[in-house]
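The structure under discussion appears below in the form of structure tokens.
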Amino acid sequence: MNSQPELRVLLSSEEIEARVKELATEIRGSYQDKHPLLIGVLKGSFMFMADLIRRLDFPLEVDFIRLSSYGGGTESSGRIKVGHTLRSPIKGRHVLVIEDIVDTGLTISFLLDYLRKKKPASLKLCALTDKPSRRRVPLDIDYLGFTVPDKFLVGYGLDWDEKFRYLPDICFIEEES
Ligand code: IMP
């Protein structure tokens, strides 16, 4: 891959906005009386989380967690470290995890197990995108934005080596032929 890869739009900002609005309606229906704790997985979920929360007009709390995978090169190894830990108590709370993309599923499975041990009242997952063709562990996504093909995605918070997070659309990197 060269330093200026060619980008193609997969999901436009308009499509994303419309889907985020629908997800917010679903989430409101389940959580509006539950004072949930929304936990964003850094860094990729920040834009999605901000847009989603703007549309949730009921009391909720926000926290973030940072995870890193180690020992696996560019691909998730399944050996995950918790970097920035949570300040919010989890026990007895209705927790909704907000993730940018589920790929192999190893990262988010680790996080859900980690949170489950803290005994939340409920624990669910909202993911903007899912690449089911790459899944290595079984996983239920309770609220899903888009199923996407097995391509490397950037934009709307997603990065390639810290680049392209600022793009308003979700794009894929065109493979060199
Ligand atoms: P998993 O453990 O394989 O499911 O990896 C999930 C994490 O890998 C996501 O939270 C992203 O940070 C990163 N990731 C996976 N696929 C992509 C992609 O296409 N673009 C950008 N980041 C990705």
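Note that the working numbering has the sequence shown beginning at 363, numbered continuously upward.
Every residue, glycine too, gets a C-beta built ideally from N, C-alpha and C.
Positions of the beta strand (DSSP E) runs, each at least 3 residues long and wholly inside the stretch 427-481, are given as 442-444 and 456-464 in order along the chain.
In this structure, the straight-line span from the alpha carbon of Pro500 to that of Gly467 is close to 8 Å.
When DSSP states are grouped into helix, strand and coil, Arg390 belongs to the helix group. Inclusion of Leu529 and Asp504 in the CB contact set at 8 Å is not warranted, their separation being larger than that value. Between the ligand IMP and Val382, a heavy atom-to-CB distance of less than 7 Å is absent. Taking Lys493 as reference, the option from Leu485, Lys481, Leu414 and Glu461 with the minimal CA-CA separation is Glu461. Beta-bridge partners of Val499 (DSSP): none assigned.
Annotation for Leu529: no beta strand (DSSP E) segment contains it, and DSSP assigns it neither H nor E. Excluding sequence positions up to five before and after Arg478, its CB lies within less than 8 Å of the CB of Leu485, all in the same chain and listed in chain order. Straight through space, the alpha carbons of Ser430 and Thr469 are spaced by roughly 8 Å. With a cutoff of 8 Å on beta-carbon distance, Phe508 and Leu520 are scored as not near each other. Judged by the Cβ position, Val371 fails to qualify as a neighbour of the ligand IMP at the 7 Å threshold, every heavy atom of the ligand being at least this far. Between Arg449 and Asp425, the beta carbon gap of about 6 Å places them in contact (Cβ cut-off 8 Å).
Sorting Asp419, Ile442, Asp502 and Ile532 by C-alpha distance to the C-alpha of Thr387 places Asp419 at the top. Asp465 counts as buried, since at least 16 other C-beta atoms from the protein chains shown sit within 10 angstroms of its C-beta.
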